Structure formats: structure tokens, C-alpha cells
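According to numbering that gives the first Met the number 0, the sequence shown is numbered sequentially starting from 0. No residue lacks a Cβ here, since even glycine has one placed at the ideal position from N, Cα and C. No experiment lies behind these values; they were computed from the predicted model shown. Below is one structure, written out as C-alpha cells; comments come after it.
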Amino acid sequence: MKVAKFGGSSVSTADQIKKVLNIVNSDEDRKIIIVSAPGKRHKEDVKTTDLLIRLYEKVIDDLDYISKKEEIIQRYADIIYELDMSDNLLTMIDQTLENFIATLKDKPSRLLDALLSCGENFNAQLIAEYNNSQGIPTRYVSPGEAGIQVTDLPQNAQILDQSYEALYNLRAYDEKLIVPGFFGVSRQNYIVTFPRGGSDITGAIVARGVRADLYENFTDVSGIFRANPTIVKNPEVIDEITYREMRELSYAGFGVFHDEALQPLHKDRIPVVIKNTNRPNDTGTFIRHDREINSSNIVSGISCDKGFTVLNIKKYLMNRQVGFTRKILGVLEDYNISFDHMPSGIDSISIIMRSKEIHNREEQVLNDIRDKCDVDELSVEHDLAILMIVGEGMHRIVGTANTITHALAESKINLKMMNQGASEISIMFGIDVADADKAVKSTYEYCYNGKCLKI
Ligand code: ASP
């Protein structure tokens, strides 16, 4: 059995929905389908989810929200009329939006989640009804009915383990099932959404719950590129990548697949394939537990993410002081700041975090470190970019770091920091944000355009 998830651009218009259903109906094994809300139809368009946020803002600010609501209804009306469906659904859409606004207006974060869920929820009902009308037995299943139980943290839901048992029962249906992505129901009986892009997470949870043989994630590209295609011209598509590699790449900016979606799949080793709705015959990229390694795929991908801040701390004889690092991390914990990397020397330590973590309270954090940790020197650097070279093959061969540093040196890029864990899945380089794109281009050339890496 396959679980297939279709992203926002795949279900944004009547034509796209027809394409999706051709894919779904052409394979008996594609039993459970997760859909996103209608996404952008062209570059300047606005996603339905963002329209819903605008509606929410109007309601919360006590402003006239009718035109925002109409815009949302119009998105579905465009699809419904083109598919020649009856407009009963539009009445349901209007009533549901009004009902949420009336009942949840004084609970803003609940209202936001309820409205956000509408994008996928209306689309799933529409798509199920249309497929049925084409003679294919199809059933809409709400996340509540499916058993997707989540923690009660608005916009940041996490799945509760008991959901998996309930989801297994979806195997019993004979019809094709259409489930809306992006949200679940909490024990307190509220609709709670996953973080943005969370339909991938629903797909992964359902795939694990029904023990699918394959989780197909359909989007608008034919797989995952080895580097950002807006920086490197025509990068190669990765054919196979491991869960661990994917996690590292999504962390550092590969947006094709939500990093939180890997967790449920990883556990039961359910393979994933990223495929293109517009070119369904392209092989796509497989994400699995293990992969074949050969001389051309030692490094799986290269990514570079911006927006990091680093705290540089110096302390003479730091290596002899028991508990020094703990005290510093204790300050970060007091401010609920999570950090990402911590390269260190015998008398110095650098703590790298996303700038948004420390933004607004930098001065207080620095003062607390000075007061509590008896440091010799403390400085902050902003505008750091993190270059990640990711590849399971690196632990088997000698010279990857050499090749990368060579490529960077040739492009006159100053390396501010380097970090490689014992697992050797990735090497991290801290560089100036102004060098970010140049770094991706030059390392790509070295890794894939014939300049390097022989076993
Ligand atoms: N519609 C939601 C978003 O735009 C979830 C998703 O599409 O995955 O973030």
C-alpha cells in the first residue's frame, strides 16, 4: 500500500486536481491520499493558507473581514466551477468559516488554528466529492475520524503515539481515502495545526500508521536537487538519500520536504519518494535508511543557510575548568534559547544559533554570561552563514574536507569555523553571509563537476 501526499501547487487549480486524480487512480496501491490547501497558481499568487491568516488578522483586529472571506471562497469557487461541480460546497465553506469566527473569536490562537485547518479541509472534501462523481469510490476522512491525535500546542502540534494504532484501521476501507494534511485534534478537542508546511508531516504520520510500503510526496519538482537551483545552474537530482542526510539538508535550507516529517518514517524505515505531479514518470528522489555509495555520490548535497549568530567565548585554561560550558549553556537555557553548533578549542568555545533565537535579548544574555561565567573575552558575530556538506560516503574516504577547503580557498572565502561530528555525515563551515552563494557554487563544482572526490 502507498500513501501519497500532494503539495499546495499540485492541488491549486481544477487542472492540477485532475492531474492529481489521474495519478491517484492509475495505481490501485495508492489508497490513502493526503492533500494540502490550494497553493500558488503563479509566482505572484497568494497561498490559501496565507489568505486564511489575513482573514484571521482582520477578525482579531475587529475590522471588516468580509472581503477576505470572499477571497477564500472564490479560490474554491474557481475550482468548483471548472470541475463542473455543484456549489453546495461553497455554502458549507462560508458557514464553516463564519462558525469558527463566531465561536472562537475570543480564543485567538484556537481561532487561528481552526481557520488554518480550513485550507486543507475544504480541499480534501472537494477532491473526494469530485473523484466520487467520476465513478471512483472515494471517501473524505477527517483527521479526527482517522485518529490523528496531537498535543495541544497551537501551530506547533506533535503527534501522540496512540494515533498510530488508530490509523492502522484505515487499511480496512475499500475506497480511496482523502485526508486533509496539516492538522490533528487534541485531547481537549481543539483543532491544532502542525508548523507551516505540515501536510508533509500528516503524510508521514499516516504512512507510518498504516505501515505503508512507500510514502510518495508529490510536489512541483522532480526530486531533490544536490544544491539550490537558484544558485547552481541545473544541479543534478539526487536519486537516493538517507533519512539522516535528508535531515541535515532540510535543517540547512532544503525546503522540499519538512524535516519533522522524517521522524515517523525513520522509526519504521518507511521509504519515501519525492515526485513531480507534472512529470509523474520521472523517477524522483528516494529517501531510505541506507543507500548505495559510489565515487559519484559520496557527497549527497550541499546547502547553505543564512541568519545565524555566534557567541565567541574565551577563557584561559578553559579545558581545566569542570562545568564551565554547563554554566554558559545554563544561561541560554534560562532564556529558552536553543543552539545548533558548538565548535570549541582548549581555551575557547563558539556557540552558533539561529539569529531569531537571541534577537531582542542579546544584551541581557551577554550580561548574564559575563556575570555568571567569569569569561575572559566575549564577543558576538552576526550575519553568519552555515555551509553544510552532507554525505554518508564521507566516513569511508579520505580527503573530502581537503577538497571542500580547497574549493573555498580558491574562491577566496574565509572559513570562520568548522565542525564535524563523529558520525561524519556532514561537515559544517561557518562563513560570512556575503560569501554564501559563492561557497555553494564553488563546492558544487568541486564535488560534482569532475574536479574531485575519488575513492
Ligand atoms: N497549507 C499549509 C502551509 O501552507 C501546509 C502545507 O501546505 O503543507 O503551510
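Any idea if residue i is buried or exposed, counting beta-carbon neighbours within 10 angstroms, 16 or more meaning buried?
i              : result
serine 422     : exposed
valine 379     : exposed
isoleucine 65  : exposed
glutamate 81   : exposed
valine 321     : exposed
proline 179    : buried
tyrosine 129   : buried
asparagine 122 : buried
proline 263    : buried
alanine 171    : exposed
leucine 316    : exposed
histidine 265  : buried
alanine 260    : buried
glutamate 291  : exposed
aspartate 258  : buried
threonine 90   : exposed
proline 107    : exposed
glutamate 247  : buried
Would the beta-carbon of residue i be found less than 7 Å away from any heavy atom of ligand 1?
i                 : result
phenylalanine 217 : no
glycine 6         : yes
glutamate 56      : no
lysine 42         : no
lysine 46         : yes
serine 116        : no
tyrosine 195      : Just to set this straight, residue 195 is arginine in the shown sequence, not tyrosine. Because some heavy atom of ligand 1 lies under 7 Å away, the Cβ of arginine 195 counts as near it: yes.
glycine 180       : yes
glutamate 259     : no
serine 25         : no
If residue i and residue j are in contact, beta carbons under 8 Å, what's the gap, nearest whole angstrom?
i              : j              : result
valine 58      : isoleucine 100 : 5 Å
lysine 30      : leucine 176    : 7 Å
leucine 125    : glutamine 154  : Contact doesn't hold; Cβ gap of about 24 Å is too wide.
glutamate 244  : glycine 390    : 7 Å
serine 185     : valine 191     : 5 Å
arginine 287   : glutamate 239  : 6 Å
leucine 51     : isoleucine 72  : Not confirmed; about 12 Å, so no contact.
histidine 381  : serine 347     : Not a contact, Cβ separation roughly 19 Å.
isoleucine 269 : valine 439     : In fact, because the Cβ distance is near 31 Å, the residues do not count as touching under 8 Å.
Give me, in chain order, the residues of the same chain whose beta-carbon lies closer than 6 Å to that of residue i; leave out the 5 immediate sequence neighbours on both sides.
i                 : result
isoleucine 454    : Note that isoleucine 454 scores a pLDDT of 39, beneath 50, so its modelled location is shaky; the value from the coordinates is reported in the next line. For isoleucine 454, where only same-chain residues beyond five positions count, the Cβ hits under 6 Å are Ser294 and Ile396.
serine 9          : Gln15, Val19, Phe217 and Thr276
alanine 406       : Ser441, Thr442 and Tyr445
asparagine 311    : Ser349 and Ser378
glycine 38        : Gly7, Ser8, Ser11 and Lys46
tyrosine 139      : Ala123, Gln124, Ala127 and Ile177
lysine 437        : Ser410
proline 342       : Ser349, Met416 and Asn418
aspartate 281     : Ser221 and Asn275
valine 272        : Glu215, Gly283 and Phe285
phenylalanine 428 : Leu386, Leu414 and Met417
cysteine 372      : Lys326 and Ile327
glycine 252       : Ser302 and Asp304
Near residue i, what residues of its chain come up, given a Cβ to Cβ distance below 7 Å and the 5 sequence neighbours on each side ignored?
i            : result
valine 23    : Ala3, Arg29, Ile32 and Lys175
alanine 435  : Cys303, Lys305 and Ala384
tyrosine 447 : Arg225 and Glu235
threonine 48 : Ala36, Leu115 and Gly118
valine 255   : Thr218, Val220, Ile223 and Ile273
leucine 159  : Gln148, Val149 and Thr150
glycine 196  : His257
Give the DSSP bridge partners of residue i, in chain order.
i           : result
leucine 383 : Phe307 and Asp431
Near residue i, which residues of its chain fall below 8 Å by C-beta distance, leaving aside the five closest residues on each side in sequence?
i              : result
asparagine 359 : none
For ligand 3, I want to know if residue i counts as a neighbour, meaning its beta carbon is within less than 7 Å of at least one of the ligand's heavy atoms.
i           : result
alanine 123 : Annotation note on ligand 3: not contained in the displayed structure, which lists ligand 1 as its ligands.
Are any of the Cβ atoms in chain D nearer than 8 Å to that of residue i?
i              : result
methionine 427 : Considering every chain present, this structure includes no chain D. It has just one protein chain.
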